[in-house]
Structures are given as structure tokens and as C-alpha cells.
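Chemist:
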Amino acid sequence: AQSVSQHNHHVILSEAASLELGCNYSYGGTVNLFWYVQYPGQHLQLLLKYFSGDPLVKGIKGFEAEFIKSKFSFNLRKPSVQWSDTAEYFCAVKGNNRLAFGKGNQVVVIP
Amino acid sequence: SAVISQKPSRDICQRGTSLTIQCQVDSQVTMMFWYRQQPGQSLTLIATANQGSEATYESGFVIDKFPISRPNLTFSTLTVSNMSPEDSSIYLCSVGGPTGVYNEQFFGPGTRLTVL
């Protein structure tokens, strides 16, 4: 079964700062990769996904993620965050019909 | 995308009782999943529910504790049986499929369960 690692569970930064959240996974087969976001009081929403092709994928709200196969990584980035980006971010990996989640990053953006 | 609703949205229950959580989807879906999100933890897959067959449970989860029904392609229930405080968690319904456009999964709003 696959496993997913996310580091720096709590991230606090100021508006306009850049954000990068790391995600590493372990799985030997073909994977689909996702980032989900959960805004306060809301349910999980898909932020972006990678199935195949260009390893740099763009999602909603200015987020992007890069799949580096050799590093088993799928890091999430946003060049300039806003207060409304305060949320919990989950990396997820789908392999063998199973979707496994990392422990999440709690991101707080200070106005 | 699929729109998923869950009932109840939250509940407070006594130890030893059972609670059934309902999941309704606005379109027919092949695969439905039930997850648990314990406080401060990530989402853990409990089981996969396919219509017309028995649910498939992940390691550490058993049918006697978490019986699941999947009577049709738009509805499923998860029962948390003989509850203890350790079952306090958010339970989420998710829909998707292994192939094609359903490689991504969508999640319901969750049911927040507190067991006293």
C-alpha cells in the first residue's frame, strides 16, 4: 500500500509571501496525485491533480504543483498567498484503486 | 463533479449505542468510499462500497463494527456500532471510480461524531 508524507504540519505566513508545501509518497506502481484543500468550516475540495503528461500542473486559485518522479514528490506552490488561502491542505496519492492521504498542512495566512 | 450530502451533519452519542450515517449523491456512481478523520489526523479509508456486492474493508476495520449498505448507485450508509469514545471522529463519504473521468474523488461534508 502507498504512504504519503507531508512535513511542517503548521505553516504561518504573511500575505504576499510564497508558499511551498512538500509531499512525498512511496509506491512502486503508477499513481495519480492530488492536492485537496479544506477551508474552515467547509468540506474537502480538489485543488489540482496529476494523471499524466506535463509534470507541472496548475490548479485553482493560482496554485500549482510539480511531479518529480525520481524524487517521488508532488510539491504544492503558490507565489503569493492571500488571507483567503488559510486552510488545511492534503496531499493524496491514488494507487491500486486506493486513495491515501498525508497528514495535512495547516496553513494560516496573516493579513 | 458530484454533489454529495450526508446526514446527520453531527451527533453526540452515548457509549454502547450505534449511529447510522447516510450518504446521498446527485448522480449514479460506481464506487463509494467511507473515510474517517480523527482529530489531528489525516483521512483513513474504512471501506469501499460497490453496489450489489459486499463492502471491502481496509486493514483494521471490520464489518461487525462498521456495517455498510449500498442499495443503489446513489446511496450508501455506514453504521458505527457499539460506539466508544475512540470512535469520535469525522466520517466522510466519497465517490469516484478507478478509471476514466472518475479517477478523482469527491467528498461529502462529513459527519462529526462525538461519543461520550
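Chains as they are written, first to last, in this note's numbering: chain A, 1277 to 1387; chain B, 105 to 220. Virtual Cβ for every residue (Gly too), placed ideally from N, Cα, C.
Under a CB-based cut-off of 8 Å, is N207/B close to chain A?
Modeler: yes
Chemist: Evaluate the contact criterion for the segment 106-126 of chain B versus the segment 1360-1367 of chain A: three or more CB pairs, one atom per stretch, below 8 Å.
Modeler: When C-beta atoms of the segment 106-126 of chain B are compared with those of the segment 1360-1367 of chain A, fewer than three pairs fall below 8 Å, so the two segments do not count as touching.
Chemist: Tell me, please, whether the segment 1327-1339 of chain A touches the segment 1283-1293 of chain A by the rule of three or more beta-carbon pairs shorter than 8 Å.
Modeler: no
Chemist: Going by beta carbon distance, what residues of the same chain come within less than 7 Å of D130/B, once the five residues before and after it are set aside?
Modeler: These residues qualify, in order along the chain: A106 and V107.
Chemist: Give the DSSP-derived three-state secondary structure of S113/B in the structure shown.
Modeler: coil
Chemist: In angstroms, rounded to a whole number, what distance separates the CA positions of A151/B and R174/B?
Modeler: 12 Å
Chemist: For M136/B, write down the residues that DSSP places opposite it in a beta bridge.
Modeler: A153/B and V199/B
Chemist: Return the residue from the list L217/B, P213/B and V219/B that minimises the CA-CA distance to Q1318/A.
Modeler: P213/B
Chemist: When you compare the CB positions of G1304/A and S146/B, do they come within less than 8 Å of one another, or not?
Modeler: no
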